[in-house]
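2 protein chains.
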Amino acid sequence: MSLPIIKVHWLDHSRAFRLLWLLDHLNLEYEIVPYKRDANFRAPPELKKIHPLGRSPLLEVQDRETGKKKILAESGFIFQYVLQHFDHSHVLMSEDADIADQINYYLFYVEGSLQPPLMIEFILSKVKDSGMPFPISYLARKVADKISQAYSSGEVKNQFDFVEGEISKNNGYLVDGKLSGADILMSFPLQMAFERKFAAPEDYPAISKWLKTITSEESYAASKEKARALGSNF
Amino acid sequence: MSLPIIKVHWLDHSRAFRLLWLLDHLNLEYEIVPYKRDANFRAPPELKKIHPLGRSPLLEVQDRETGKKKILAESGFIFQYVLQHFDHSHVLMSEDADIADQINYYLFYVEGSLQPPLMIEFILSKVKDSGMPFPISYLARKVADKISQAYSSGEVKNQFDFVEGEISKNNGYLVDGKLSGADILMSFPLQMAFERKFAAPEDYPAISKWLKTITSEESYAASKEKARALGSNF
Numbered sequence: 001m002s003l004p005i006i007k008v009h010w011l012d013h014s015r016a017f018r019l020l021w022l023l024d025h026l027n028l029e030y031e032i033v034p035y036k037r038d039a040n041f042r043a044p045p046e047l048k049k050i051h052p053l054g055r056s057p058l059l060e061v062q063d064r065e066t067g068k069k070k071i072l073a074e075s076g077f078i079f080q081y082v083l084q085h086f087d088h089s090h091v092l093m094s095e096d097a098d099i100a101d102q103i104n105y106y107l108f109y110v111e112g113s114l115q116p117p118l119m120i121e122f123i124l125s126k127v128k129d130s131g132m133p134f135p136i137s138y139l140a141r142k143v144a145d146k147i148s149q150a151y152s153s154g155e156v157k158n159q160f161d162f163v164e165g166e167i168s169k170n171n172g173y174l175v176d177g178k179l180s181g182a183d184i185l186m187s188f189p190l191q192m193a194f195e196r197k198f199a200a201p202e203d204y205p206a207i208s209k210w211l212k213t214i215t216s217e218e219s220y221a222a223s224k225e226k227a228r229a230l231g232s233n234f
Numbered sequence: 235m236s237l238p239i240i241k242v243h244w245l246d247h248s249r250a251f252r253l254l255w256l257l258d259h260l261n262l263e264y265e266i267v268p269y270k271r272d273a274n275f276r277a278p279p280e281l282k283k284i285h286p287l288g289r290s291p292l293l294e295v296q297d298r299e300t301g302k303k304k305i306l307a308e309s310g311f312i313f314q315y316v317l318q319h320f321d322h323s324h325v326l327m328s329e330d331a332d333i334a335d336q337i338n339y340y341l342f343y344v345e346g347s348l349q350p351p352l353m354i355e356f357i358l359s360k361v362k363d364s365g366m367p368f369p370i371s372y373l374a375r376k377v378a379d380k381i382s383q384a385y386s387s388g389e390v391k392n393q394f395d396f397v398e399g400e401i402s403k404n405n406g407y408l409v410d411g412k413l414s415g416a417d418i419l420m421s422f423p424l425q426m427a428f429e430r431k432f433a434a435p436e437d438y439p440a441i442s443k444w445l446k447t448i449t450s451e452e453s454y455a456a457s458k459e460k461a462r463a464l465g466s467n468f
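Keeping their order, the protein sequence lines are chains A and B.
Residue numbers 1 to 234, in the working numbering, belong to the letters of the first sequence in order.
Residue numbers 235 to 468, in the working numbering, belong to the letters of the second sequence in order.
Spelled out as structure tokens, the structure:
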């Protein structure tokens, strides 16, 4: 059965980069349909014509024989679909059911457990840097710190400790000692967390080494070039 | 092949209820291993012995012949695993690939898109009700409102509008006009949002009716009784 026509609906400065990396690593042919954020850094209305939530990435898959089109949203689901339908030689997935389960677990884990506390820390960092006048800025910082203590900073540590343990147990990768779809999907939030200082690389040597290893893949460099050409800065 | 021994590691006041409902609706035999939150409303350390993140629900599956045990975490992944391995007559899943994809999409969507803005609104509501003295309480409320406007209230509306549209298009259910695993998993965040007034039922008639319909299932009542017996209040 021939591979379908694959299109990535791409919004700059979004987590869509990971999907390019996945498809490039699997040497799949695809087209990028680029969208630009508006002045308020929001996704443009055109994306809502593709999927009612108007978010990126969206994966469009069109059957070459029937012409039937399918639009897929949610990065975890898109990754699962691509690995299931297009990774026939199990380059980034596994034929072993237990290993496949571990990879699929991370496709849910990244948004279900890792992303939420990082998102709160990100929002609170924006509150602290929002340039409000004194004394409001001082109080806003106090409120933000209280929220962080109660809801997110401890949880970020929990999640990083967990991932550090899993990578250490699996010879430098998340699952089974080799690169899988889980590593590609998990790369972004962990990179961002280090960059935004929500966690310190020196506290997590296994994660730091893992990020260096996986981002030295040729496919990472190739998709980074494509993303840059579309206006994303790295 | 005989069904394995199934255990639900259950923490009171958690989203674990949905898993009981799923298993009950599929008439699966399972055991509940209950855990109580500590004085700070945190999960007890015993849960960390089952899975390093120490969260609930956890599903324990043990092969009756080999005795081999598997611990599954992340509600979306647990639902997908149960539907794939134990719902052989497709009571809450579908043999049709497109319909199965739609159900699987929601298993990712609920944590990837719906839960995050609701979580922010929940945290901000706690900040507003935190009983800080005036004028700090006044300023904290101002900060919380700004965060809500910038990051969550609009997004809650986006998600509710989307779900309202999907239920309206699918004869009162999320997918294919009948009850599926997607409805059970999606029930909790939407119920909570109405209860906490992050969205008004009268603005979303299709979601309101859908909640009444699915919670009138016998399996809902049965698992609610079990949860109550374990100390959960509804």
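Ideal Cβ placement from N, Cα and C applies to all residues, glycine included.
Predicted model, so just to flag it, every value in this text is computed and none were measured.
Beta-bridge pairing of residue i - partner residues as DSSP gives them
i	result
ILE71 of chain A	A:GLU60
PRO279 of chain B	DSSP lists no partner for PRO279 of chain B.
TRP244 of chain B	B:PRO268
ILE5 of chain A	A:GLN62
Backbone CA spacing between residue i and residue j [nearest angstrom]
i	j	result
PRO205 of chain A	GLU164 of chain A	8 Å
ASP246 of chain B	LEU419 of chain B	17 Å
ASN274 of chain B	ALA150 of chain A	11 Å
THR52 of chain A	LYS403 of chain B	The sequence given here has Pro at residue 52 of chain A, not Thr. Their backbone Cα atoms lie some 13 Å apart in a straight line.
ARG298 of chain B	ILE240 of chain B	10 Å
LYS226 of chain A	LEU211 of chain A	20 Å
LEU408 of chain B	GLU202 of chain A	46 Å
GLU389 of chain B	PRO279 of chain B	35 Å
GLN62 of chain A	HIS88 of chain A	18 Å
LYS209 of chain A	ARG196 of chain A	18 Å
LYS146 of chain A	ILE357 of chain B	11 Å
VAL377 of chain B	ASP363 of chain B	13 Å
PRO135 of chain A	ARG271 of chain B	38 Å
TYR277 of chain B	LEU292 of chain B	Per the sequence presented here, residue 277 of chain B reads as Ala, with Tyr not at that position. Approximately 12 Å between the Cα atoms of the pair.
THR300 of chain B	LEU237 of chain B	12 Å
GLY172 of chain A	GLU166 of chain A	9 Å
GLU329 of chain B	MET426 of chain B	31 Å
ALA200 of chain A	PHE194 of chain A	6 Å
LEU190 of chain A	LYS157 of chain A	12 Å
ALA221 of chain A	LEU114 of chain A	25 Å
GLY76 of chain A	LYS412 of chain B	25 Å
PRO335 of chain B	PRO34 of chain A	Going by the sequence as given, residue 335 of chain B is Asp instead of Pro. In a straight line, the C-alpha of ASP335 of chain B is about 25 Å away from that of PRO34 of chain A.
ALA331 of chain B	HIS90 of chain A	21 Å
Whole-angstrom C-beta distance between residue j and residue i, which should lie under 8 Å
i	j	result
SER223 of chain A	LEU20 of chain A	4 Å
ILE99 of chain A	ASP176 of chain A	5 Å
HIS243 of chain B	SER290 of chain B	6 Å
SER466 of chain B	PHE251 of chain B	7 Å
LEU230 of chain A	ILE50 of chain A	Actually they are not in contact, since the Cβ atoms of LEU230 of chain A and ILE50 of chain A sit about 17 Å apart, beyond 8 Å.
LEU352 of chain B	PHE432 of chain B	6 Å
LYS303 of chain B	GLU294 of chain B	6 Å
ILE207 of chain A	PHE160 of chain A	7 Å
TYR30 of chain A	LEU22 of chain A	That pair is no contact at about 10 Å.
GLY346 of chain B	GLU74 of chain A	5 Å
SER414 of chain B	ILE337 of chain B	5 Å
PRO133 of chain A	PRO350 of chain B	That pair is no contact at about 30 Å.
PHE320 of chain B	LEU262 of chain B	6 Å
Continuous alpha helix (DSSP H) stretch holding residue i: start and end
i	result
TYR439 of chain B	Looking at the sequence itself, residue 439 of chain B is Pro, so the reference to Tyr does not match. From DSSP, the alpha helix (DSSP H) with PRO439 of chain B extends over 439 to 448.
ASP395 of chain B	387 to 403
VAL377 of chain B	370 to 381
HIS25 of chain A	17 to 25
PRO367 of chain B	That residue, PRO367 of chain B, is in no alpha helix (DSSP H); it is neither H nor E in DSSP.
PHE108 of chain A	97 to 109
ARG228 of chain A	218 to 229
GLU436 of chain B	No alpha helix (DSSP H) contains GLU436 of chain B, which DSSP labels as neither H nor E.
ASP417 of chain B	415 to 429
Closer than 7 Å: residue i CB and nearest the ligand FAD heavy atom
i	result
LYS376 of chain B	Absence of the ligand FAD is noted for the structure shown, with no ligands found whatsoever.
- Is the stretch 332 to 349 of chain B touching the stretch 76 to 83 of chain A, taking contact as three or more C-beta pairs under 8 Å? yes
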